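To keep things clear, I will list the structure first and then write my remarks on it.
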Amino acid sequence: MLRLPEGRPGTRRTVKTSPATSPPSGSPASLRKTLTTPLLYFFILGDVLGAGVYVLVGQVAAESGGAVWVPLLVAMCLSLLTAASYAELVTKYPRAGGASHYATLAYGPFLGFLAGFCMLAAGVVSVAALARGFGGDYLTEFVTLPVALVTIVFLILLALLNARGIRESTRANVIATVIEVGGLLLVAGLGIWVVLRGDGDLGQLTELGTSREAPVAAVLSGAVLAYYSFVGFETSVNVAEETREPRRSYPRALFGALLTAGAVYALVGAAASASVPTQKLTESSGPLLEVVRAAGGVPTELFSAVALVAVANGALLTGIMSSRLAYGMARDGLLPRFLTRVLPGRRTPWAAIAATTALSLLLALTGDVSTLASTLVLLLLVVFFLVNTSLLVLRRDTTPGPHFRAPTAVPVLGALSCVLLATQIEHDVWLRGLVVLAVGGGLGAVAAVRSRRGHDHA
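Residue numbers (our numbering): 11 to 468.
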C-alpha cells in the first residue's frame with residue numbers, strides 16, 4: 011500500500027528546504043500559494059480529460075478490438091505507477107520545475123535540462139496543436155473564420171488568462187472540467203440508452219484481438235494509444251509551489267483525478283463499444299459523435315461545443331505547465347534568467363508565459379506541428395523514465411517533515427513500463443523523436459558546462 015510516513019534518514023546528504031519567508035535580495039521571486047486540494051484535483055482532472063479522448067476511442071478499437079475499456083484500464087494502471095513516483099518527489103521537493111528539477115538533483119544539469127527540454131517541447135507543441143485544432147472543424151459547426159486569425163486571438167486570450175493568475179485560471183478550469191465530464195457522461199448515458207432499447211451489442215464488450223494480433227498483444231497495442239489519454243497529470247508538478255500544503259494535497263488530488271478519469275474513460279469506452287459497431291468506430295474521426303448520432307435526440311452542435319471547451323481547457327492547462335516549467339528551469343540556471351521575472355502584483359511568471367506563447371504561436375501559424383505532435387508520447391516516456399529512476403537515486407536524501415512514499419517496486423515498474431511502451435512506438439516516430447532529443451542533448455551539454463563553470467568560480 012502507498013503511505014505517508016515521516017521522512018526517513020538518508021545515507022548520503024540532506025536536502026534542506028527554505029522556510030516560507032520572503033526571498034532574499036537578488037533571488038527569484040517566489041510564487042503565491044493559492045491552490046487548494048479541490049482546485050488541484052480539478053486542475054489534474056481537466057488536464058487528463060483532454061481533447062484526445064474524443065478521437066481516441068476509435069483508434070484504440072482498431073488496435074485492440076471491441077473491448078475498448080480493457081486497454082483503457084491497463085493504461086490507467088501503468089500511468090498510476092509513474093504518478094506515484096511524481097507524488098513522492100512533489101511532496102518531497104514542492105517547487106516549480108518538476109521533472110527537470112528532480113533529474114538535476116539526481117543526475118546533474120545535463121539530464122536535468124534534457125528532462126525539462128522534453129517536457130517544454132511537448133507542452134509548446136501541444137498548445138500549438140490545440141490552438142490550431144480550436145479553429146478547425148468543431149468551430150465551423152458554428153462560424154467559419156480564418157484559422158490563423160482564430161489561432162492568434164485564442165493564444166493571446168489564453169496567455170492573458172494565464173498571466174492574470176493561477177487562481178483565476180484554475181477556477182475557469184473547474185467550470186470547463188465539469189463541462190468536459192458532463193459531455194463524456196452524456197455519451198455514456200446515450201450508449202446505455204441505445205443498449206436498453208435493443209439497438210446495441212453487449213457481445214462487443216468482450217471482443218479482444220484483431221486479425222493482425224492475438225488478444226494480449228492487441229491489448230498492449232491499444233494501451234499504448236490509450237496511455238496518451240492519461241498523460242497530463244505530470245503538468246500539475248509545476249504548480250506544486252503554488253499549492254497550499256502540497257504534502258497533504260498533492261497525492262489526494264493526483265490519485266483521485268487519475269482514478270476518476272479512468273472510471274470515466276472505461277464507462278465511455280464500454281458505451282461506445284456496445285452502442286456502435288466496432289468497424290464504424292474505427293473508421294470515424296469523431297467516434298463519440300457516432301454514439302450521439304446512434305442515440306438521437308441530442309444536437310451534434312451541442313457535442314461540438316463540449317469538444318471546443320475540452321480543447322480550450324487542455325490548451326490553458328498545458329500553457330500553465332509550460333510557463334511554470336520554463337520559470338523553474340530558469341531559476342535552476344538551465345534557461346535564461348530573464349524567464350524568472352514575475353508580475354509585481356499577481357506574482358505570475360509573465361516572461362515565461364510570453365516566451366512559451368510566442369513559440370506556440372509560431373508553430374501554430376506555420377502549421378508544421380503534425381510532424382512533431384506524434385513524438386509527444388515518446389518525449390514524455392523519456393521524461394517519465396528519468397522521473398522514476400531519479401526517485402530511486404534521491405531515496406538517499408532526507409527532507410524535514412513527512413512526505414508521501416511509494417514502495418520501491420513502484421518506480422522500478424514505472425521505469426520498466428516506459429521502456430515497454432517505447433518499444434511499441436513506430437520507427438518513423440522514433441526518428442523524429444531522436445532529432446528533438448539530439449537538440450535537447452546539445453543544449454543540455456551547454457547548460458552542463460555553464461553550470462560546472464559556475465561551481466568552479468563559486
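Each residue gets a CB set at the ideal place from its N, CA and C atoms; glycine is no exception.
Predicted, not measured: the structure shown is a model, and the values here were computed from it.
(request) Within 10 angstroms of the Cβ of E73, are there 16 or more other Cβ atoms? Answer buried if so, exposed if not. (result) Taking the sequence shown and counting its residues from 1, the one referred to as residue 73 is at position 63. E73 comes out buried.
(request) Can you tell me which of the three DSSP states T385 falls into? (result) One-based indexing of the sequence shown puts residue 385 at position 375. Three-state result, T385: coil.
(message) I'd like the span of the alpha helix (DSSP H) that includes T292, first residue to last.
(response) Residue mapping note: residue 292 aligns to position 282 of the sequence shown, counting from 1. Element bounds for T292: 288-293.
(request) Please list, in chain order, all residues of the same chain as V241 whose beta carbon is under 6 Å from its beta carbon, the five residues on each side excluded. (result) Taking the first residue of the sequence shown as position 1, residue 241 is located at position 231. Excluding positions up to five away in sequence, the list reads L390.
(request) Indicate the three-state DSSP secondary structure (helix, strand or coil) for R415 in the structure shown. (result) Taking the sequence shown and counting its residues from 1, one reaches residue 415 at position 405. In this structure, R415 counts as strand in the three-state DSSP scheme.
(request) Determine the DSSP secondary structure at T358, reduced to helix, strand or coil. (result) Your numbering for residue 358 matches position 348 in the sequence shown. Residue state, collapsed to three classes: coil.
(message) For a test of the three-state rule: what should DSSP assign to T31, helix, strand or coil?
(response) Here residue 31 is taken as the residue at index 21 of the sequence shown, counted from 1. With a pLDDT of only 39 at T31, under 50, the local geometry of the prediction cannot be trusted, and the value read off the model is given with reservation. Coil, per DSSP.
(message) With a threshold of 8 Å between beta-carbons, can A72 be considered close to chain C, or not?
(response) No chain C appears in the structure shown, which is made up of a single protein chain.
(request) May I ask you to report which of helix, strand or coil DSSP gives T433? (result) Here residue 433 refers to the residue found at position 423 of the sequence shown. Coil at T433, not helix or strand.
(message) Here's the rule I'm using: 16 or more other beta-carbon atoms within 10 Å means buried, otherwise exposed. How should D342 be labelled?
(response) Within the sequence shown, the letter at position 332 stands for residue 342. Result: buried.
(message) Quick check on L353: does DSSP put it in helix, strand or coil?
(response) Here residue 353 is taken as the residue at index 343 of the sequence shown, counted from 1. Three-state DSSP puts L353 in coil, outside helix and strand.
(message) Among the candidates S370, V456, V316, G450, whose CA atom is the shortest distance from the CA of V163?
(response) Along the sequence shown, one-based indexing puts residue 163 at 153. It is S370 whose Cα lies nearest to the Cα of V163.
(request) Could you pull out every residue in the same chain whose Cβ sits closer than 6 Å to the Cβ of A233, ignoring the five residues on either side in sequence? (result) As a working mapping, residue 233 is identified with position 223 in the sequence shown. Contacts found: P81, V84, A85.
(message) Quick check on S45: does DSSP put it in helix, strand or coil?
(response) For the purposes of this step, residue 45 is taken as the residue at position 35 of the sequence shown. Looking at the sequence provided, one finds Leu at residue 45 rather than Ser. If DSSP states are grouped into helix, strand and coil, L45 belongs with the strands.
(request) Answer yes or no: do G68 and L215 have a C-beta to C-beta separation smaller than 8 Å? (result) On the sequence shown, position 58 is the one that residue 68 refers to. On the sequence shown, position 205 is the one that residue 215 refers to. No; because the gap between Cβ atoms is not below 8 Å, this pair is not in contact.
(request) Might you give, ordered along the chain, the residues of its own chain that have their beta carbon closer than 6 Å to the beta carbon of Y275, omitting 5 neighbours on each side? (result) The sequence position of residue 275 within the sequence shown is 265, counting from 1. Hits under 6 Å: L82.
(message) Does T409 come out as helix, strand or coil in the three-state DSSP assignment?
(response) What you label residue 409 is simply residue 399 of the sequence shown in a count that begins at 1. Reduced to three states, the DSSP call for T409 is coil.
(request) Could you tell me how far apart the beta carbons of A93 and A109 are, in whole angstroms, since I believe they sit closer than 8 Å? (result) On the sequence shown, position 83 is the one that residue 93 refers to. On the sequence shown, position 99 is the one that residue 109 refers to. That belief does not hold up - the Cβ atoms of A93 and A109 are roughly 13 Å apart, past 8 Å.
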